[in-house]
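Chains as they are written, first to last, in UniProt numbering: chain U, 1 to 540; chain F, 1 to 189.
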């Protein structure tokens, strides 16, 4: 039952429009820093573009997808009209206003601080205010998801919350809490300096605040993808979810352990002691757990589909899978990229191994494989799956959809594998250009060239994606029927309270964050003489 | 209970058993990784900098250990070498560091303005320079030669031009050059 289709479509269209814009910038960046592009005479343009690419891809695009998908889940899984539609539109327009407010100073070159901010570099105040508006807009969504679930609970006392909605609300809580770190950094530290009220800032403390957001935000990006793994893929390929409770446990584990691990981003920083670095390293290992459980549950769910289709034998069932189904294809690609990216992540999480690749192109390779690859390809799949229900029209370009997914997968591999390699060689990230004439850097030229080619393949795939959706708006009308989610093999009649509510896990998430972050933050805040003069971007 | 129910019940049990086994394996993998990290950290002494040290970047050129005359490499009485360096937009001082091979080296570095990073290519030496804080890194080179040392953290528009160099020379050569006392860098070589 999708009533507020316009609202959902508005979120998706805005998400994919800004995605197309940032993707174009990304391809351009890879081209001009490669040996095939001529050196940019003004590297400042590169960092403008990099700031816009990161800000859009990191904050605006995934947030809009999670929100649009979240509203769709709320209406269809709970089978009730969305409560608070006016508020939902307010959130949407706040994001529009915030995105415009942020991108103008970036385009003018007044806020080239990249999406990770980098104090004491300080950009134009409207850039930060714009980011804050985007986050505030998304917090309205968080509140609406909680309220809608509460309304449903009142009408269905004791009934198991549909898995998709349970996961969706978990994802919204994760986002609300992880955004607090960057919000504290922006409101208490950066914005007063950017507005000219203060002239100094504690860069070390700011980095710790940001690390609070910086890792769990990845799991917020991941949530729609995991929801699609569990609740869309098995239905789309004619299977069932292997286990409803394991799915719930995975989402709860993300909520609890994804949050207090961000300090692994400061392994090489001087302002955090060795003890907390070790604790965060161990917690980061823990976050592999929900993913390992998911890999098992989804592979088992897919096997069920294959056996229902007549698949036989130890591995023979793999051939029986519906490989021409775009959802199957997207899942397979997503898993392969998640595998490679996850293996890289395990290396990043160990501070002994991290030292050899910290802040090199390896890191860029790692998160493009996870976010740009494993996660975004499922965003495509979600859009394809929902589109007929949102537009009332059939997506007829199945072949084109398959080509688009293939291109994205190939493009992502060609882009990120060479990045991992040059990262091991010690190529730093975030550089406008390299002097490939230097004999010590020349051997990296070929790898960088491959990445640039991969970038254009990705751009082609992104354009195809938008064209397919746009054509879908004008395709023949079809009765898509109600939007359904996958059922479990053993659909639960009752669910233990702990797996049906979030309160306990949210409390645990907050307590763990406070123990893992409280002491370092308080000590840093109380240490005298660590505030340093701000350096304003573009000031002469 | 009908036959169908028994069947469902049985398959649910099998499913739960398989799932439990997999969950156990997953937990063992995770615990194993954490133990490995602890072992490497404690036994192989690969823990990061233990103490947090602060310094005021607006005064480092006036007094204290990071005044310009104190930057570069110095041979300590016990035969170890200490290197002091700063990063600023958009260069390192000294721009070229000279150190002996096969010698324990302590590098102490900080930033004079924004966040920078030091990465020595082909090694595991990799640390952030955060203004207000001192980064300490232990290192030891096993081969002589020149190493590139880029700034690995975005530090504004000139970031891509911020490359330093490390020259690892013979131990005796270094001792010879250090005889006169003072701080060494590649200057004059």
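Glycine included, C-beta positions come from ideal geometry on N, C-alpha and C.
Query                                                                                                                                                                : Result
Ordered along the chain, which non-local residues of its own chain (more than five positions away) have a Cβ less than 7 Å from that of residue 303 (chain U)?       : 317
Go through its chain and collect everything with a Cβ distance to residue 199 (chain U)'s Cβ below 8 Å, but skip five positions before and after it.                 : 193, 533 and 534
Note down, one range per segment and in chain order, each alpha helix (DSSP H) of at least 4 residues found wholly within the region 434–515 of chain U.             : 445–472
Assign residue 223 (chain U) to buried or exposed, taking buried as 16 or more other Cβ atoms, counted over all protein chains shown, within 10 Å of its Cβ.         : buried
Whose CA, out of U:181, U:529, U:297 and U:469, lies closest to the CA of residue 390 (chain U)?                                                                     : U:469
Strictly under 8 Å for the Cβ-Cβ distance: is residue 3 (chain F) near chain U by that measure?                                                                      : Legend: pLDDT at residue 3 (chain F) = 41, less than 50; position of this residue unreliable, value from coordinates given subsequently. By this cut-off, residue 3 (chain F) is not an interface position.
Ignore the nearest five residues each way along the sequence and tell me which others in residue 242 (chain U)'s own chain have a CB closer than 7 Å to its CB.      : 297, 300, 301, 304 and 489
Which residues bound the alpha helix (DSSP H) around residue 226 (chain U)?                                                                                          : 203–231
In this structure, how does DSSP classify residue 277 (chain U) when only helix, strand and coil are distinguished?                                                  : helix
Per the DSSP calculation, residue 97 (chain F) is bridged to which residue(s)?                                                                                       : F:166
Quick one: is residue 10 (chain F) near chain U, going by C-beta distance under 8 Å?                                                                                 : no
In this structure, does DSSP put residue 385 (chain U) in helix, strand or coil?                                                                                     : helix
Which of the three DSSP states, helix, strand or coil, is assigned to residue 536 (chain U)?                                                                         : strand
Give me the Cα-Cα distance between residue 10 (chain U) and residue 68 (chain U), rounded to the nearest whole angstrom.                                             : 8 Å
Just how far apart, CA to CA, sit residue 452 (chain U) and residue 510 (chain U)?                                                                                   : 42 Å
Can you give me the C-alpha to C-alpha distance between residue 458 (chain U) and residue 27 (chain U), rounded to a whole angstrom?                                 : 8 Å
Whose Cβ in chain F lies nearer than 8 Å to the Cβ of residue 44 (chain U)?                                                                                          : 157
How big is the Cα-Cα spacing for residue 129 (chain U) and residue 136 (chain U)?                                                                                    : 10 Å
Counting only C-beta atoms, is residue 296 (chain U) closer than 8 Å to chain A at any point?                                                                        : No chain A appears in the structure shown, which is made up of the protein chains U and F.
Do residue 294 (chain U) and residue 210 (chain U) count as a contact pair if the criterion is CB distance below 8 Å?                                                : no
Determine whether the Cβ of residue 277 (chain U) lies closer than 8 Å to any Cβ atom of chain F.                                                                    : yes
Out of curiosity, what's the CA-to-CA distance linking residue 71 (chain U) and residue 156 (chain U)?                                                               : 19 Å
Consider the Cβ of residue 66 (chain F): report whether some Cβ of chain U lies at a distance smaller than 8 Å.                                                      : no
Sort U:125, U:188 and U:502 by Cα distance to residue 172 (chain U) and report the nearest one.                                                                      : U:502
Could you check which residue in U:465, U:291, U:114 and U:234 has the C-alpha nearest to that of residue 430 (chain U)?                                             : U:114
Which residues in chain F have a C-beta closer than 7 Å to the C-beta of residue 350 (chain U)? List them in chain order.                                            : 37
Among residues of its own chain, excluding the 5 on either side of residue 21 (chain U), which ones have a beta-carbon nearer than 7 Å to its beta-carbon?           : 56
Do you know whose CA, among U:371, U:379 and U:352, lies nearest residue 126 (chain F)'s CA?                                                                         : U:352
So, at 7 Å on beta carbons, what are the nonlocal neighbours of residue 240 (chain U) in its own chain, with the 5 sequence-adjacent residues on each side left out? : 234, 301, 304, 486, 487, 488 and 489
Okay, do the region 137–148 of chain U and the region 77–92 of chain U touch, 3+ Cβ pairs below 8 Å being the bar?                                                   : yes
I want to know whether the region 89–106 of chain F touches the region 217–232 of chain U - three or more CB-CB distances under 8 Å.                                 : no
Taking its Cβ as the centre, do 16 or more other Cβ atoms sit within 10 Å of residue 380 (chain U), making it buried, or is it exposed?                              : buried
Using a threshold of 8 Å, state whether the C-beta atoms of residue 122 (chain U) and residue 537 (chain U) are closer than that.                                    : yes
Between which two residues does the beta strand (DSSP E) harbouring residue 363 (chain U) extend?                                                                    : Residue 363 (chain U) -> not in any beta strand (DSSP E); alpha helix (DSSP H) instead, spanning 361–367.
Report, in whole angstroms, the separation of the C-beta atoms of residue 14 (chain U) and residue 134 (chain U), which I expect to be a contact under 8 Å.          : Not a contact, Cβ separation roughly 11 Å.
In the DSSP assignment, the beta strand (DSSP E) including residue 150 (chain F) goes from what residue to what residue?                                             : 145–150
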